[in-house]
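Student:
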């Protein structure tokens, strides 16, 4: 686990990404430029897909491989296909192979299990509230330090899950 950064200390991260794809390289260069404007240094490291996936493509805790990577972009998005209901089991359950950071929270697992076995939308709302991304997480890949919220890397996933599960987001009532 990396030490926490102290106030005034410059943030610097290694960021491996898919090489050989022009739009990914352009995306990464723009992200690096944007981060630099607020004082964050991203050291971009292009790698072939097999190497990116070897580092960050699976659950490092389950695979018993190193979790000592900062960021990775494999050049593809995430689809809940063929299960389009964003129940979270593929990304957030303890031991899920796509849970690349090894996040594990037994309460989260219990709430995910409820969304898998019951169609009551209130269960999704309860889960979304539990994962509300309003708080910072530590660099620990296994548990939060201040409150149980969405890991920074998964904020978009949590927001997507809320929008997909919430009839309020589609205008339905």
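In my numbering, the protein residues as written are 236 to 408. Heads up, the beta-carbon is just placed ideally off N, CA and C, and yes, glycines get one too.
According to DSSP, is residue 360 part of a helix, a strand, or is it coil?
Tutor: Three-state result, residue 360: helix.
Student: Just to confirm the assignment, what range does the beta strand (DSSP E) spanning residue 436 have?
Tutor: No answer is possible for residue 436: it lies beyond the span of the chain, which begins at 236 and ends at 408.
Student: Just curious, the beta strand (DSSP E) that residue 307 is in, first and last residue?
Tutor: Looking at the DSSP string, the run of the beta strand (DSSP E) that includes residue 307 is 306 to 308.
Student: Might you give, ordered along the chain, the residues of its own chain that have their beta carbon closer than 8 Å to the beta carbon of residue 257, omitting 5 neighbours on each side?
Tutor: So the list is empty, once near-sequence residues are dropped.
Student: With three or more beta-carbon pairs closer than 8 Å as the criterion, would you say the stretch 301 to 312 touches the stretch 338 to 348?
Tutor: Contact between the stretch 301 to 312 and the stretch 338 to 348 is absent, because fewer than three Cβ pairs lie under 8 Å.
Student: Please report the distance separating the alpha-carbon of residue 276 from that of residue 361.
Tutor: Cα to Cα, residue 276 sits roughly 37 Å from residue 361.
Student: Using only the alpha-carbon positions, how far apart do residue 306 and residue 338 sit?
Tutor: Whole-angstrom Cα-Cα distance: 15 Å.
Student: Take the Cβ of residue 353 as the centre, count every other Cβ of all protein chains shown within 10 Å, and call the residue buried at 16 or more, exposed below.
Tutor: Exposed.
Student: Do you know how far the Cα of residue 254 is from the Cα of residue 269?
Tutor: Distance between the alpha carbons of residue 269 and residue 254 is about 20 Å.
Student: Is DSSP giving residue 335 helix, strand or coil here?
Tutor: Coil at residue 335, not helix or strand.
Student: With H, G and I counted as helix, E and B as strand and the rest as coil, what does DSSP make of residue 327?
Tutor: Note: residue 327 maps to helix in three-state DSSP.
Student: Buried or exposed for residue 245, going by 16 or more other Cβ atoms inside 10 Å?
Tutor: Per the 10 Å Cβ criterion, exposed.
Student: In the DSSP assignment, find the alpha helix (DSSP H) that holds residue 266 and state where it starts and stops.
Tutor: Run containing residue 266: 257 to 272, per the alpha helix (DSSP H) assignment.
Student: Going by DSSP, what residue range makes up the alpha helix (DSSP H) through residue 247?
Tutor: Where residue 247 is concerned, there is no enclosing alpha helix (DSSP H), although the beta strand (DSSP E) it sits in stretches over 246 to 253.
Student: Short check: CB of residue 304 to CB of residue 290, under 7 Å?
Tutor: Taking 7 Å as the Cβ cut-off, residue 304 and residue 290 qualify as a contacting pair.
Student: Please classify residue 397 as buried or exposed, where buried requires at least 16 other C-beta atoms within 10 Å of its C-beta.
Tutor: Because the pLDDT of residue 397 is 41, which lies under 50, any placement of that residue in the model is unreliable, and the question is left without a value.
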